[in-house]
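Accompanying notes for the structure given below.
Chains as they are written, first to last, in my numbering: chain A, 1 to 305; chain B, 1001 to 1431.
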């Protein structure tokens, strides 16, 4: 029982990270209908900028941990957002309204570029980091030999994800920006006829996606303590799987999908084999898509000739 | 119109500022690792160089843009009427390419190195032509094509090692096994469209790779399989000497040379690739090929006209996979060693990029794109570390430059004799 509880805690934490990245995929897909393949690498860049930021606040002598983390968070979000914006501006905007596969190939190319850029600039070796937030609650039942811990970091991760999720749902629901986004999603031409600057809305979407990916990057840097230039690929695939699982285009779906993928992975690694956890995640995706081709919370599409 | 120099400089300055913002965190700081932990180095000179380069590049582009743009537009107009007429040039180019490929080993340019690289290039061309059946003709986006390539390679390696079957017996086996994997993948994704399909095929590719990596008993895991049997020239081994068998050079009374094998492999893959090409060209004219292309254009319309999407999609997956299986077993016999390393997602991405950059469905375009994407970087191997960076950059730039691919106009599959040809092809003409 304790073991299960520990796996659930780990799974939810992992799921929160996937969910944060998945939001970037799902929002971009919802608006311009493309898989932003470079999004996983934006998250990787977010992780690198976070790590550099963490070292930088150390150099600057800021030792009060909450302040340091807040500073790093702001830095990482800002600079990663510039990356998100620049990728859209350079590689996707010129291809808007072109054949459907063109932005996909351009995105794959961009993903290769970003990966190799970071590898060249920062070296291929794994970057380790000492844990910054230590400690947690011991949830083990009395006289059990297996210890269940819920670390402070895990609590922070889940709370942060929930807060961001709630915040962005509110933004999409109630602000002029959210209205413009929903309008663009429904019909780009019509939206631009009604005076919405479609390009700006799309840029903002990429910036938001990149910011959330940066938060995920910071979380992962703190949580696992090791990053390298390749983490974006696997996390990106998982997050996209999460977005599809939840129903692409749907914000709550992305979080739900992320949680499911995280839980499946944690439970599968805990009870069966850690090597085949990816197979389990994709297997579940295939099963869901067979029975619900639009994902769990997706709206069915109406096809016309 | 007079170019607005002031605006251009402003624009370039903005670009330089963005470049500086991009460069500061990742170029300006460097994480140098040591056993104790990480330390930070500073390299702000690099940031300055990067922003300066972006400023100059952007300015040069906008200055050139006015002139280049005009000449490009003029060229497009010349292309338009040509693409509608049945082209006599394209088959001629095709035959010329085949002739060049056939004669290449006999030219004075040819050495082992060149032939070896040409062999690698031909593998990619063959894979591109194979994937073209799935993506270009049937319009099914497949991001896991490398899985079938892997299945073919492992099939040949395992069967030849365990049962001692020759390459020529294994080849159809590998093709059949890959094709059945294609059907296996096809079944669950029949109802999916577009991007859902892409992610499932991607997942399928990853699943195959993870299984190859972890099924130690059969695949030998990450260590891979080595000592795979080399192909024989119709039963004659291409080795220095094999006890109890006549080798190739003994049979023909030639002095032994390892070149024979390289040249033989080159012709083998050339034959396989040309077979793929011929197959595609012919099947486009059969009902099944037309059904694929109809399905690509509109699935709902297809269904209402009585085309069975299930059969059509599955056959496209199976046939595309079959050619990947052939290419895979060739790859295994050429390398003599395979491991899951060779079958990562990046390979699928390269093959898909070749198909899309070639101009979806254009056979010669695929050759061109393969030469650009695989051939050229191969010649610059000395710049190893910048190779993938340049590769990714090239993918983006070519896509921006020609979003419909290098050779965009497709030959119409069917031509009605009584109508002028230009009308038939109206849908295929450039915008």
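C-beta: ideal position from N, C-alpha, C; glycine also.
Where the alpha helix (DSSP H) containing residue i begins and where it ends
i               : result
residue 1259(B) : 1259–1283
residue 1309(B) : 1309–1335
residue 84(A)   : 65–87
residue 943(B)  : It is not possible to answer for residue 943(B), since the shown part of chain B is limited to 1001 through 1431.
residue 1012(B) : 1005–1023
residue 241(A)  : 231–246
residue 1217(B) : 1216–1219
residue 35(A)   : Per DSSP, residue 35(A) belongs to no alpha helix (DSSP H) and is neither H nor E.
residue 1355(B) : 1345–1359
residue 1294(B) : 1287–1297
residue 98(A)   : Careful: residue 98(A) lies outside any alpha helix (DSSP H) and carries neither H nor E.
residue 1130(B) : 1112–1132
Cross-strand partners of residue i (DSSP beta bridge)
i               : result
residue 1230(B) : Residue 1230(B) pairs with nothing; no bridge assigned.
residue 128(A)  : 226(A)
residue 1033(B) : 1038(B)
residue 1225(B) : 1338(B)
residue 284(A)  : None; residue 284(A) has no bridge partner.
residue 1172(B) : DSSP, once it has assigned bridges, lists no residue as partnering residue 1172(B).
residue 1237(B) : 1232(B)
Chain A contact for residue i (CB, 7 Å cutoff)
i               : result
residue 1033(B) : yes
residue 1083(B) : With a pLDDT of 44 at residue 1083(B), under the threshold of 50, the modelled position of that residue is not reliable, and the figure given next carries that caveat. Chain A, which has no Cβ nearer than 7 Å to the Cβ of residue 1083(B), makes this no.
residue 1199(B) : yes
residue 1041(B) : no
residue 1191(B) : yes
residue 1396(B) : yes
residue 1185(B) : no
residue 1080(B) : A caution first: residue 1080(B) carries a pLDDT of 40, below 50, which makes its placement in the model unreliable, though a value can still be read off. Residue 1080(B) does not count as touching chain A.
residue 1206(B) : yes
residue 1340(B) : no
residue 1220(B) : no
Short CB-CB distance (under 7 Å) between residue i and chain B
i              : result
residue 299(A) : no
residue 154(A) : no
residue 125(A) : yes
residue 82(A)  : yes
residue 14(A)  : no
residue 40(A)  : no
residue 293(A) : yes
Segment limits, beta strand (DSSP E) that includes residue i
i              : result
residue 138(A) : 136–138
residue 175(A) : Unbroken run through residue 175(A): none, as it is neither H nor E.
residue 151(A) : 149–151
Residue i Cβ short of 6 Å to the ligand MN heavy atom set
i               : result
residue 1323(B) : The ligand MN is absent from the structure shown, which contains no ligand whatsoever.
Cβ pair residue i, residue j closer than 7 Å
i               : j               : result
residue 1181(B) : residue 1148(B) : yes
residue 255(A)  : residue 165(A)  : yes
residue 233(A)  : residue 40(A)   : yes
residue 1375(B) : residue 1097(B) : no
residue 149(A)  : residue 135(A)  : no
residue 1183(B) : residue 1314(B) : yes
residue 101(A)  : residue 1356(B) : yes
residue 1391(B) : residue 1377(B) : yes
residue 1175(B) : residue 1325(B) : yes
residue 21(A)   : residue 239(A)  : yes
residue 1136(B) : residue 1360(B) : yes
residue 1115(B) : residue 1266(B) : yes
residue 7(A)    : residue 298(A)  : no
residue 275(A)  : residue 1220(B) : no
residue 1406(B) : residue 1370(B) : no
residue 183(A)  : residue 170(A)  : no
Interface residues of chain E facing residue i [CB-CB closer than 7 Å]
i               : result
residue 1349(B) : The structure shown contains no chain E; its protein chains are A and B.
Segment contact flag, the stretch 171–178 of chain A with the stretch 39–54 of chain A, C-beta cutoff 8 Å, min 3 pairs: Touching, no.
Contact between the stretch 1013–1021 of chain B and the stretch 283–293 of chain A (3+ Cβ pairs under 8 Å): Using a C-beta cut-off of 8 Å, the stretch 1013–1021 of chain B makes no contact with the stretch 283–293 of chain A, since fewer than three inter-stretch Cβ pairs fall below that distance.
Three CB pairs or more closer than 8 Å across the stretch 1090–1104 of chain B and the stretch 1043–1056 of chain B: No, the stretch 1090–1104 of chain B is not in contact with the stretch 1043–1056 of chain B.
Cβ pair count under 8 Å reaching 3, the stretch 1337–1345 of chain B against the stretch 210–228 of chain A: No: the two stretches stay apart, fewer than three of their Cβ pairs being nearer than 8 Å.
Cβ contact (3+ pairs, closer than 8 Å) linking the stretch 1190–1210 of chain B and the stretch 1125–1144 of chain B: They touch, by the three-pair rule.
Any 3 or more C-beta pairs closer than 8 Å across the stretch 1317–1337 of chain B and the stretch 1226–1243 of chain B: By the criterion of at least three beta-carbon pairs nearer than 8 Å, the stretch 1317–1337 of chain B is in contact with the stretch 1226–1243 of chain B.
Contact between the stretch 1392–1399 of chain B and the stretch 102–112 of chain A (3+ Cβ pairs under 8 Å): Contact holds: three or more Cβ-Cβ distances are below 8 Å.
Contact the stretch 1293–1308 of chain B vs the stretch 1240–1257 of chain B: 3+ CB pairs below 8 Å: At 8 Å Cβ cutoff, the stretches do not touch.
The stretch 72–84 of chain A / the stretch 204–216 of chain A touching (three or more Cβ pairs under 8 Å): Contact between the stretch 72–84 of chain A and the stretch 204–216 of chain A is present, because at least three Cβ pairs lie under 8 Å.
Contact the stretch 153–162 of chain A vs the stretch 8–18 of chain A: 3+ CB pairs below 8 Å: Yes, they touch.
Segment contact, 8 Å Cβ cut-off, at least three pairs: the stretch 1274–1288 of chain B with the stretch 1130–1139 of chain B: Yes, since at least three Cβ pairs between the stretch 1274–1288 of chain B and the stretch 1130–1139 of chain B fall closer than 8 Å, the two stretches touch.
Touch test, the stretch 275–288 of chain A against the stretch 1201–1215 of chain B, Cβ-Cβ under 8 Å, three pairs minimum: Yes, since at least three Cβ pairs between the stretch 275–288 of chain A and the stretch 1201–1215 of chain B fall closer than 8 Å, the two stretches touch.
The stretch 50–70 of chain A in contact with the stretch 237–252 of chain A per 3-pair CB rule at 8 Å: Verdict: no, contact absent.
Touching by the beta-carbon criterion (3+ pairs, under 8 Å), the stretch 1158–1170 of chain B and the stretch 1293–1306 of chain B: Between the stretch 1158–1170 of chain B and the stretch 1293–1306 of chain B there are fewer than three C-beta pairs closer than 8 Å, too few to call the two in contact.
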